[in-house]
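Worksheet: the structure to be examined is printed underneath.
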Amino acid sequence: VNMHSLAQIRIGAVVGASLPRRQVLAAAADKRAKPSAERQTVQYGNDWYAQTREATRPRRTVREEIEYRRRANELANNGKERKDLYTDNWDGSEYKGSPFNILTLLAALFILVPVFGLVFAYWSYGTLWG
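Take the sequence shown: its letters are residues 415 to 544, numbered as in our numbering.
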C-alpha cells in the first residue's frame with residue numbers, strides 16, 4: 415500500500431469510500447459549508463427567465479467559496495502547504511518582483527524600434543536614399 419492510497423483510505427473513511435477521489439475531496443471540503451438548498455428545477459412558462467436566473471444563482475458567498483477551495487486544497491495535499499506556490503516575487507497576491515517583465519520589454523520595443531529607424535534614416539539621408 416503506497417502513501418497515496420493511504421491518504422485516499424483516510425479521506426474515504428471520513429467521507430465515503432465509494433466515491434471517486436475528486437468527489438471525496440469536494441464532499442469533505444463541503445462538510446463545513448452551509449447546507450445548500452435542494453436542486454431547483456425550472457418550469458417553463460411566463461416567468462421561466464426569473465426561475466432560470468434564480469436556479470443558477472451561486473449557493474455560496476465568495477468567502478464560503480474561498481474557504482471551500484482552501485479546505486479542498488488542504489485535504490488534497492494531506493494538510494501540507496505547497497511550497498511550489500510561493501516565490502520571492504510574490505507577497506500573497508501582491509507582486510513584489512522586478513519591475514522588468516514582458517510588458518516593459520514590449521513597450522521598449524514599440525518605442526525604440528521606430529526611434530532607431532528614424533535616427534538611421536536621418537543619418538543615411540543623401541547617402542543611401544533621397
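We put the CB at the ideal spot given by N, CA and C, even for glycine.
Under the three-state reduction of DSSP, Y482 is assigned to helix.
Beyond the five residues adjoining it in sequence on each side, V456 comes within less than 8 Å, by CB distance, of W462, Q465, T466 and A469 in the same chain, given in chain order. CA-CA distance, R471 to F514, rounds to 41 Å. Approximately 11 Å separates the beta-carbon atoms of Y482 and R473; this is outside 8 Å, ruling out the contact. L489 counts as buried, since at least 16 other C-beta atoms from the protein chains shown sit within 10 angstroms of its C-beta.
Judged by beta-carbon spacing, W504 lies beyond the 8 Å limit of K497, meaning their Cβ atoms are not closer than that value.
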